[in-house]
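So for the sequence shown, the working numbering puts the first residue at 60; every next one is plus one.
Below is one structure, written out as structure tokens, with a few remarks after it.
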Amino acid sequence: MHQATQSVESDAAGLRCGRVEIAAAGTLGIASTPTTQSLSGPGAAAPGPEAGPAGLAAEGWDPAVPLLVALHGWLLSGRLWDPLRRELEPVLPCWCPDLPGFGGRPRPKGLQPSLASYGRWLADELRAQVGERPVVLLGHSLGGSVALHAAPHLGSQLRGLVQVAAGGGVYQPRPFARLRQGGSAFLALRPAWLAPLPVMAPWRSPLLAEARAARGLLACSTNRGAVGQLPRLTASLGVPSLWIAGSRDGVMEPRYVRHLAGYSRLHRLELLEGAGHLPMRQMPGRLAALIQTWLVEEGLLGGAGDRLGSLDPAVAPGARAA
Numbered sequence: 060m061h062q063a064t065q066s067v068e069s070d071a072a073g074l075r076c077g078r079v080e081i082a083a084a085g086t087l088g089i090a091s092t093p094t095t096q097s098l099s100g101p102g103a104a105a106p107g108p109e110a111g112p113a114g115l116a117a118e119g120w121d122p123a124v125p126l127l128v129a130l131h132g133w134l135l136s137g138r139l140w141d142p143l144r145r146e147l148e149p150v151l152p153c154w155c156p157d158l159p160g161f162g163g164r165p166r167p168k169g170l171q172p173s174l175a176s177y178g179r180w181l182a183d184e185l186r187a188q189v190g191e192r193p194v195v196l197l198g199h200s201l202g203g204s205v206a207l208h209a210a211p212h213l214g215s216q217l218r219g220l221v222q223v224a225a226g227g228g229v230y231q232p233r234p235f236a237r238l239r240q241g242g243s244a245f246l247a248l249r250p251a252w253l254a255p256l257p258v259m260a261p262w263r264s265p266l267l268a269e270a271r272a273a274r275g276l277l278a279c280s281t282n283r284g285a286v287g288q289l290p291r292l293t294a295s296l297g298v299p300s301l302w303i304a305g306s307r308d309g310v311m312e313p314r315y316v317r318h319l320a321g322y323s324r325l326h327r328l329e330l331l332e333g334a335g336h337l338p339m340r341q342m343p344g345r346l347a348a349l350i351q352t353w354l355v356e357e358g359l360l361g362g363a364g365d366r367l368g369s370l371d372p373a374v375a376p377g378a379r380a381a
């Protein structure tokens, strides 16, 4: 399938300027319609849209099984996770929200476009939706920084953290300046009027992301203070963490993931061979098997682990040190 590459200086949490590969229709499928996914019971078919994760109890999920909360990166939406969610939901419930200002979710009045504010928003939203139900956070790129900021607010409710293509922690003035300039230029020049056209479905989320939210998060995540805070937040994690790097990721190279992961004393680092910046789209089965294996080994799935099928031998434990 033809691949269109959007040359946006894209990774707001990264150490270098990169490119986001936006695939043709059906491959990436980032849409502007509300994309927060329903939480279906074990073995259910692909879920439809709904307002949030509050329907867990009614859907038959064991309350001891943690809710996997997947956070997308800059300009993207919760729909990014659809292929991975379909792989994981026979084992554990998933919630893939649109972050405020992105996808189909408006930014509440008063919510500042900063990593700290978004981290508090996520913690508050989870408590409002599922109370004290245990959660595992799954962050991608900028979403990984939001997850780190949410972690201190979740206390014992947080049982684990999975980071995909999320790293950094070293301030580099010139690359970050170029990153901000490129991102701001895209936001100013993007043809938002094209978004309603059906042919634009794969590019709709970047076209419709709220400018203030996108620009604010980009600026916040690339200033010296925010970059320096990432290692401190990682070092303060009191739960096990899994850090996954794609061997072909040109946006967040494995060495940057390794750098930030090293601050966590309970971390595991895995290299996903052949993966780029969007492994949840490129190889959802392999990524799911990697996450499932880690959840089982950390004792985070409980009885739900009995529903696991045969895992991909390419991601067997001990075969993937980055």
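The beta-carbon is built from N, C-alpha and C at its ideal position, and this holds for glycine as well.
Run the CB neighbour count on residue i, radius 10 Å, all protein chains shown included, and call it buried at 16 or more, exposed below.
i, result
"E329", "buried"
"L126", "buried"
"L325", "exposed"
"L409", "Here the chain has residues from 60 to 381 only, and residue 409 is not among them."
"L174", "buried"
"G190", "exposed"
"G297", "exposed"
"G287", "exposed"
"A123", "exposed"
"R249", "buried"
"S295", "exposed"
"V128", "buried"
"L134", "buried"
"L256", "exposed"
"Q240", "exposed"
"A236", "exposed"
"S323", "buried"
"L182", "The question names Leu, but residue 182 is Ala in the sequence shown. So A182 counts as buried."
"A187", "exposed"
Please report the straight-line C-alpha distance between residue i and residue j, rounded to a whole angstrom.
i, j, result
"V355", "W252", "47 angstroms"
"E357", "P299", "8 angstroms"
"D141", "L238", "28 angstroms"
"I350", "V221", "8 angstroms"
"Y315", "P211", "23 angstroms"
"T293", "R138", "27 angstroms"
"R327", "L301", "5 angstroms"
"W180", "R291", "20 angstroms"
"H199", "G132", "6 angstroms"
"W154", "P313", "27 angstroms"
"P343", "L151", "15 angstroms"
"L213", "L267", "30 angstroms"
"T352", "A247", "43 angstroms"
"S215", "G169", "27 angstroms"
"M259", "L130", "23 angstroms"
"L217", "R192", "9 angstroms"
"G219", "S306", "24 angstroms"
"F245", "W120", "42 angstroms"
"G361", "A209", "24 angstroms"
"P338", "E148", "17 angstroms"
Could you tell me whether the Cβ of residue i comes closer than 9 angstroms to any Cβ of chain D?
i, result
"L181", "Annotation note: the requested chain D is absent from the structure, which comprises a single protein chain."
Give the single residue among the options whose Cα lies nearest to the Cα of residue i.
i, options, result
"G333", "G309, G275, A320 and Q351", "G309"
"R233", "L331, L170 and N282", "N282"
"E146", "A348, L359, G361 and T352", "A348"
"G275", "E148, M342 and G160", "G160"
"L207", "A285, L246, E148 and R307", "A285"
"M311", "Q216, L217 and H336", "H336"
"Y230", "C279, P152 and W154", "C279"
"R340", "L266, P261 and Y322", "P261"
"V223", "G162, A320, G242 and Q188", "A320"
"S243", "P265, V258, M259 and G226", "P265"
"A225", "W353, R317 and P149", "R317"
"G227", "P149, P338, L289 and S306", "L289"
Is residue i a contact residue of the ligand NAP, with contact defined as CB to any heavy atom under 8 angstroms?
i, result
"S173", "Although the ligand NAP was asked about, the structure shown includes no ligands whatsoever."
Am I right that residue i and residue j are in contact with their C-beta atoms under 8 angstroms? What's the rounded C-beta distance?
i, j, result
"L143", "L346", "6 angstroms"
"R44", "P156", "The structure shown does not extend to residue 44, since the chain is modelled only from 60 through 381, so no value can be given for it."
"R263", "A254", "5 angstroms"
"A382", "L331", "Outside the shown range of the chain, which is 60 to 381, sits residue 382, and nothing can be said about it."
"R166", "A273", "About 10 angstroms; that fails the 8 angstroms criterion."
"L359", "V195", "6 angstroms"
"S136", "G162", "3 angstroms"
"A177", "L158", "The residue asked about is misnamed: residue 177 is Tyr in this sequence, not Ala. Yes, Y177 and L158 are in contact; Cβ-Cβ is about 6 angstroms, under 8 angstroms."
**OP:** Could you tell me which uninterrupted alpha helix (DSSP H) segments, each at least 4 residues in length, are contained entirely in the region 304–367, listed from first to last along the chain?
**Re:** 313–320, 338–341 and 343–356
Subject >> Length-filtered (3 minimum) beta strand (DSSP E) runs lying within the region 154–225 >> reply: 194–199 and 217–223
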